[in-house]
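Asks: Could you have a look at this structure, given as structure tokens, before my questions?
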Amino acid sequence: MPERIDGKYNKILQAAIQVISEKGLDRTSITDIVKQAGIAQGTFYLYFPSKKDLIPAIAENLLSLTLEKIKAETKQKHGFWEIIQTIIDETFELTNSHKEVIILCYSGLAIVHSMEKWETIYDPYYKWLEEVLKAAADHGEIIAEIDIGWTARLIINLIESAAERYYIAEEKGDLAACKKETFSFLQRSLDNMKSGAGCHRATSI
Numbered sequence: 001m002p003e004r005i006d007g008k009y010n011k012i013l014q015a016a017i018q019v020i021s022e023k024g025l026d027r028t029s030i031t032d033i034v035k036q037a038g039i040a041q042g043t044f045y046l047y048f049p050s051k052k053d054l055i056p057a058i059a060e061n062l063l064s065l066t067l068e069k070i071k072a073e074t075k076q077k078h079g080f081w082e083i084i085q086t087i088i089d090e091t092f093e094l095t096n097s098h099k100e101v102i103i104l105c106y107s108g109l110a111i112v113h114s115m116e117k118w119e120t121i122y123d124p125y126y127k128w129l130e131e132v133l134k135a136a137a138d139h140g141e142i143i144a145e146i147d148i149g150w151t152a153r154l155i156i157n158l159i160e161s162a163a164e165r166y167y168i169a170e171e172k173g174d175l176a177a178c179k180k181e182t183f184s185f186l187q188r189s190l191d192n193m194k195s196g197a198g199c200h201r202a203t204s205i
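Right, here's the structure in full:
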């Protein structure tokens with residue numbers, strides 16, 4: 001496969017996102033995508049063996065954008081809870097602006113029985129948050145008796161689920177209250193000052 005930084009790769013991805021979002025995966029043809037991208041049909045197959053192979057690529061592209069934004073916004077944040085608040089804010093904002101693409105990714109990966117690919121796609125995000133958690137535990141900001149890898153996954157899943165329920169499932173309410181409750185739940189579970197003796201709270205998240 002040609003390098004992903006190739007402009008044609010990104011053209012195909014962006015065209016696919018637009019067309020599939022409008023027509024759905026089943027009703028979208030490769031001809032539709034290449035026409036939107038302004039490339040030859042043969043060029044499509046240099047990057048993707050089939051239409052369904054677009055879905056993991058779209059999901060990976062979206063998560064890459066999300067992680068880049070979160071890293072940029074947390075670069076000047078020094079406290080763990082500042083970082084968590086920023087992750088919540090950015091996740092809610094990105095979910096709102098990309099909800100159609102998120103729905104597309106969930107439905108597409110389910111159709112092609114590729115849900116296991118989420119773990120691979122999310123691996124860079126997990127590893128980044130694991131480092132954040134380790135530093136916070138070392139500095140006494142959170143309880144130390146946790147499984148770092150498992151906790152990173154739970155935090156990401158909780159925040160994304162809260163954002164998706166608000167914007168995609170349309171469980172409307174007060175946005176600030178929803179974000180505050182998400183933050184408070186994590187703080188009650190992990191905060192070293194709020195968790196009491198520690199060991200009995202290690203698996204409470």
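In the UniProt record's numbering, the protein residues as written are 1 to 205. C-beta: ideal position from N, C-alpha, C; glycine also.
Compute the Euclidean distance between the alpha carbons of A176 and I30, then round it to the nearest angstrom.
Replies: Walking along the sequence shown from the start, residue 176 turns up at place 176. Walking along the sequence shown from the start, residue 30 turns up at place 30. Straight-line Cα distance between these residues: approximately 42 Å.
Asks: Only counting the same chain, and skipping five residues up and downstream in sequence, which positions put a Cβ closer than 7 Å to that of I20?
Replies: The residue given as residue 20 occupies position 20 in the sequence shown. Cβ neighbours of I20 beyond the five flanking positions: T28 and L104.
Asks: Report back the beta-carbon spacing between Y9 and L63 to the nearest angstrom; my notes put them in contact at under 8 Å.
Replies: Here residue 9 corresponds to residue number 9 of the sequence shown, with the count starting at 1. Here residue 63 corresponds to residue number 63 of the sequence shown, with the count starting at 1. The Cβ separation is near 16 Å, so there is no contact.
Asks: Which one or two residues does DSSP pair with D123 in a beta bridge?
Replies: Position 123 of the sequence shown, counted from the start, is the residue given in the question as residue 123. Note: D123 sits in no beta bridge, so no partner.
Asks: Taking the alpha-carbon positions, what's the A40 to C178 distance?
Replies: Position 40 of the sequence shown, counting from 1, holds the residue named residue 40. Position 178 of the sequence shown, counting from 1, holds the residue named residue 178. For A40 and C178, the distance between alpha carbons rounds to 46 Å.
Asks: Would you check whether the ligand ATP has a heavy atom nearer than 7 Å to the C-beta of L54?
Replies: The ligand content of the structure shown is nil, which means the ligand ATP is not present either.
Asks: Please classify I142: does DSSP put it in a helix, a strand, or coil?
Replies: On the sequence shown, position 142 is the one that residue 142 refers to. It is a strand residue.
Asks: What does the alpha-carbon distance come out to for the pair E22 and K35?
Replies: The residue you call residue 22 lines up with position 22 of the sequence shown. The residue you call residue 35 lines up with position 35 of the sequence shown. Straight-line Cα distance between these residues: approximately 15 Å.
Asks: Measuring only the C-alpha atoms, how far is I155 from G42?
Replies: For this step, residue 155 is matched to residue 155 along the sequence shown. For this step, residue 42 is matched to residue 42 along the sequence shown. Approximately 42 Å, taken between the alpha carbons.
Asks: Quick test of your reading: I83 and T74, contact by CB under 8 Å. State the CB separation rounded to the nearest angstrom.
Replies: Indexing the sequence shown from 1 puts residue 83 at position 83. Indexing the sequence shown from 1 puts residue 74 at position 74. Going by Cβ atoms, the distance from I83 to T74 rounds to 5 Å, so yes, they are a contact pair.
Asks: Whose C-alpha, out of A144, L25 and I88, is nearest the C-alpha of A162?
Replies: Here residue 162 is taken as the residue at index 162 of the sequence shown, counted from 1. Cα-wise, what sits closest to A162 is I88.
Asks: Secondary structure at T203, three-state DSSP: helix, strand or coil?
Replies: Counting from one through the sequence shown, the residue named residue 203 turns up at place 203. In this prediction, T203 scores a pLDDT of 34, lower than 50, which makes its location untrustworthy; the coordinate-derived value is nonetheless stated afterwards. Here T203 sits in coil by DSSP.
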